[in-house]
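Mapping the sequence shown onto the working numbering, position 409 (from 1) lands on 462, and the numbers just tick up by one.
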Amino acid sequence: MKVPAVFFTRSLAKLLIGLVVLSIAAVSRLYGEERPNILLILADDLGYGDVGFNGSEDIVTPELDRLAKEGTVFSSAYAVHPFCGPSRMALLTGRYPHAIGVPYNLPSYSSGRHRDKGVPTAEVLLSSVLKNAGYATGLMGKWHLGHAPEFHPNQRGFDEFYGFLGGGILYFGPYQAQNEEGTVWDYRVYPEYNGVSDKTLGKDDYMTDILSDKGVEFIRKQSKSDAPFFLFMSYNAPHTLLAAKQDDLDRFPALEGKRKIYAAMVYALDRGVGRLVDALEETKELENTLIVFFSDNGGRLDQGASNGELRGAKGDVQEGGFRTPMFMHWPEGIERRQIIDTPVSALDLFPSFARIANAELAENEILDGVDILPLLRGEPSEADDRAIFAARHRMVHTEVSGRNDRWKLIWESEEGPWRLYDLETDISEQHDLSDVYPAQVSALLDDIGSWLSEHIEPLWFYSEEEAEAWAREDMPKYEEMLSGDSDASEVAH
Ligand code: CA
Numbered sequence: 054m055k056v057p058a059v060f061f062t063r064s065l066a067k068l069l070i071g072l073v074v075l076s077i078a079a080v081s082r083l084y085g086e087e088r089p090n091i092l093l094i095l096a097d098d099l100g101y102g103d104v105g106f107n108g109s110e111d112i113v114t115p116e117l118d119r120l121a122k123e124g125t126v127f128s129s130a131y132a133v134h135p136f137c138g139p140s141r142m143a144l145l146t147g148r149y150p151h152a153i154g155v156p157y158n159l160p161s162y163s164s165g166r167h168r169d170k171g172v173p174t175a176e177v178l179l180s181s182v183l184k185n186a187g188y189a190t191g192l193m194g195k196w197h198l199g200h201a202p203e204f205h206p207n208q209r210g211f212d213e214f215y216g217f218l219g220g221g222i223l224y225f226g227p228y229q230a231q232n233e234e235g236t237v238w239d240y241r242v243y244p245e246y247n248g249v250s251d252k253t254l255g256k257d258d259y260m261t262d263i264l265s266d267k268g269v270e271f272i273r274k275q276s277k278s279d280a281p282f283f284l285f286m287s288y289n290a291p292h293t294l295l296a297a298k299q300d301d302l303d304r305f306p307a308l309e310g311k312r313k314i315y316a317a318m319v320y321a322l323d324r325g326v327g328r329l330v331d332a333l334e335e336t337k338e339l340e341n342t343l344i345v346f347f348s349d350n351g352g353r354l355d356q357g358a359s360n361g362e363l364r365g366a367k368g369d370v371q372e373g374g375f376r377t378p379m380f381m382h383w384p385e386g387i388e389r390r391q392i393i394d395t396p397v398s399a400l401d402l403f404p405s406f407a408r409i410a411n412a413e414l415a416e417n418e419i420l421d422g423v424d425i426l427p428l429l430r431g432e433p434s435e436a437d438d439r440a441i442f443a444a445r446h447r448m449v450h451t452e453v454s455g456r457n458d459r460w461k462l463i464w465e466s467e468e469g470p471w472r473l474y475d476l477e478t479d480i481s482e483q484h485d486l487s488d489v490y491p492a493q494v495s496a497l498l499d500d501i502g503s504w505l506s507e508h509i510e511p512l513w514f515y516s517e518e519e520a521e522a523w524a525r526e527d528m529p530k531y532e533e534m535l536s537g538d539s540d541a542s543e544v545a546h
């Protein structure tokens with residue numbers, strides 16, 4: 054399918070909040086004759102320290118390490134939110150979840166509160182933008198953006214979807230159909246292909262392998278077409294409930310308990326990536342495929358993960374909550390760089406992918422990320438001077454952080470206060486420098502204040518308890534945080 058070589062330059066419209074607006078402007082081609090395929094591999098709850106290329110000494114990930122070595126590793130890559138749903142919603146909308154009302158996971162099937170909820174259809178997803186630009190689009194794995202028919206992946210820009218709509222699935226069956234009351238546990242429901250339950254799986258089929266199989270099929274099929282493809286491998290590994298194949302467990306004789314199972318699960322994902330790469334090589338698509346690897350949030354230390362030197366874990370706005378392993382690999386398209394330390398965000402994937410796809414964006418499209426491809430060419434990028442934010446609502450308080458360059462300002466408990474860390478010299482966030490660098494505190498606090506001011510009320514809450522607490526406690530308590538103190542510690546709970 055021929056697509057007009059429309060190309061957009063970025064007009065950095067700071068609005069009130071420093072959002073970036075992309076506008077269509079000129080015609081050009083930066084990246085060669087053929088637009089690349091895009092393979093986005095997203096791990097689920099993978100810790101920063103749990104891949105070889107980030108220094109893991111016990112978990113081996115040879116396939117990921119090879120791609121990382123041949124490509125470019127980003128040492129400071131951030132998921133947009135420290136847990137699953139909002140992180141994925143942000144990745145595909147290109148918006149901070151709080152700005153569009155989706156900072157909570159969707160309620161589970163069994164709650165009965167999930168049915169009418171999902172990422173608003175007014176939000177144009179990355180998948181739709183790429184599909185409209187002539188890409189064949191596929192999603193294999195976890196969705197978590199809405200259960201109702203209007204929110205289904207096939208209605209949101211994905212030609213092909215094999216996977217599950219909720220927050221997870223069991224790695225081994227048996228699965229079963231949802232009942233009329235909708236009370237079958239999300240993880241137990243059959244995976245589906247384009248809306249039809251897949252009842253063919255046997256008891257030894259392993260979900261990570263099944264998803265890899267589907268990805269390989271998609272690559273082989275699309276290689277016969279002239280159109281480029283966007284394949285989103287949305288693995289649920291190594292998210293709980295931990296379960297692994299015996300062969301994979303046997304590769305880690307020195308490990309025990311949850312760490313052993315977790316390691317085997319990461320290894321299975323790595324095996325799958327190897328098979329995807331083999332399929333790309335067989336079909337001669339590898340050279341012109343941009344492969345991006347990311348995790349949707351940090352690892353859970355209570356479930357066998359390690360975030361390396363980072364403090365905190367999944368759910369935290371500390372580094373361990375949302376700084377994740379990341380690399381890019383694209384032999385034909387980008388100059389290989391060993392490692393890039395410039396902070397980047399999963400929000401940056403939308404504008405970067407749209408750019409290389411020569412995709413047309415609506416003039417009023419607001420995207421919170423920036424095109425990071427210039428970093429790969431050693432050129433100046435808007436990523437060089439912008440803050441990356443995170444906010445996590447707990448039951449009766451909110452935790453917030455903002456990072457610009459080496460500096461990170463964080464409010465990480467009910468009581469505060471704001472702490473400042475120099476991540477270049479203190480990656481583990483141990484030494485509060487807020488008294489030493491008041492100007493840095495002030496600058497970041499201004500950025501954070503502007504960002505918070507654009508947040509809207511959540512469209513839903515994961516639990517009734519959270520909904521009640523939000524109203525009762527006058528959440529999200531941003532004013533108290535910005536004024537530097539909080540009475541949250543006095544609140545009975
Ligand atoms: Ca996750």
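Cβ coordinates follow ideal geometry from the N, Cα and C atoms, glycine included.
With distances taken Cα to Cα, identify the nearest neighbour of residue i among the options.
i	options	result
isoleucine 91	Leu333, Leu486 and Asn457	Leu333
tyrosine 515	Glu87, Ser161, His151 and Ile153	Ser161
serine 181	Ala201, Leu159 and Thr146	Thr146
leucine 295	Ala307, Gly352, Pro281 and Leu284	Gly352
serine 503	Glu510, Gly455 and Gln483	Gly455
tyrosine 149	Lys195, Glu467, Ala443 and Arg273	Ala443
threonine 293	Ile314, Pro281, Asp301 and Gln208	Ile314
valine 397	Ile501, Pro378 and Glu413	Pro378
Specify the secondary structure class of residue i as computed by DSSP and reduced to three states.
i	result
methionine 193	strand
valine 104	coil
lysine 267	helix
lysine 461	strand
methionine 379	coil
asparagine 158	coil
tyrosine 246	strand
isoleucine 409	helix
phenylalanine 347	strand
glutamate 435	helix
threonine 342	strand
tyrosine 224	coil
isoleucine 272	helix
Can you give the Cα-Cα distance for residue i and residue j, rounded to whole angstroms?
i	j	result
glycine 422	alanine 121	23 Å
histidine 151	tyrosine 259	35 Å
tyrosine 157	glycine 255	34 Å
aspartate 169	glycine 537	38 Å
tryptophan 513	histidine 197	14 Å
glycine 310	glycine 357	8 Å
asparagine 185	glycine 469	46 Å
tyrosine 599	tryptophan 460	Only positions 54 to 546 of the chain appear in the structure, and residue 599 is not among them; the question remains open.
glycine 268	lysine 277	15 Å
serine 128	glutamate 416	33 Å
leucine 75	glycine 210	In this prediction, leucine 75 scores a pLDDT of 34, lower than 50, which makes its location untrustworthy; the coordinate-derived value is nonetheless stated afterwards. Approximately 20 Å between the Cα atoms of the pair.
leucine 400	tryptophan 238	31 Å
methionine 528	alanine 522	8 Å
alanine 143	phenylalanine 403	10 Å
glycine 216	glutamate 110	32 Å
tyrosine 531	alanine 520	17 Å
leucine 462	threonine 236	43 Å
glutamate 33	leucine 535	There is simply no residue 33 to check, as the chain begins at 54 and stops at 546 in what is shown.
phenylalanine 106	aspartate 118	5 Å
glutamate 518	leucine 93	35 Å
glutamine 275	arginine 88	14 Å
aspartate 262	arginine 273	16 Å
Against chain D, with Cβ distances strictly below 8 Å, would residue i count as a contact?
i	result
serine 536	The chain labelled as chain D is not found in the depicted structure, where only one protein chain is given.
Span of the alpha helix (DSSP H) holding residue i?
i	result
valine 494	491–506
phenylalanine 375	372–375
methionine 142	137–146
arginine 241	Element bounds for arginine 241: n/a, residue is neither H nor E.
asparagine 185	179–185
aspartate 118	115–123
isoleucine 441	Element bounds for isoleucine 441: not the alpha helix (DSSP H) but the beta strand (DSSP E), 440–446.
arginine 364	Counting along the chain, arginine 364 falls outside any alpha helix (DSSP H), and DSSP gives it neither H nor E.
Just to confirm the assignment, what range does the beta strand (DSSP E) spanning residue i have?
i	result
aspartate 321	The sequence shown places alanine at residue 321, rather than the aspartate named in the question. Unbroken run through alanine 321 is the alpha helix (DSSP H), 310–335; no beta strand (DSSP E).
methionine 286	282–287
tyrosine 474	472–475
glutamate 213	213–217
leucine 93	90–96
So, does the stretch 465–474 touch the stretch 428–439, judging by three or more C-beta pairs under 8 Å? Taking a cut-off of 8 Å for Cβ pairs, the stretch 465–474 and the stretch 428–439 do not touch, as fewer than three such pairs fall below it.
Below 8 Å, how does it come out for the stretch 375–390 and the stretch 222–239: are there three or more Cβ pairs, yes or no? Segments in contact, no.
Are there three or more Cβ pairs, one per stretch, closer than 8 Å when the stretch 436–451 is compared with the stretch 404–418? Flag = no, the stretch 436–451 and the stretch 404–418 do not touch.
Inspect the CB distances between the stretch 316–331 and the stretch 360–370 and report whether three or more fall short of 8 Å. These segments do not touch.
Hey, is the stretch 478–494 in contact with the stretch 132–151, meaning 3+ C-beta pairs nearer than 8 Å? Not touching, per the Cβ criterion.
Tell me whether the stretch 163–181 and the stretch 241–255 touch, counting them as touching only if at least three CB pairs, one residue from each stretch, are closer than 8 Å. Put simply, the stretch 163–181 does not touch the stretch 241–255. Fewer than three CB pairs are less than 8 Å apart.
Quick one: any contact between the stretch 89–104 and the stretch 295–308, if contact means 3 or more CB pairs under 8 Å? Output reads no: the stretch 295–308 does not touch the stretch 89–104.
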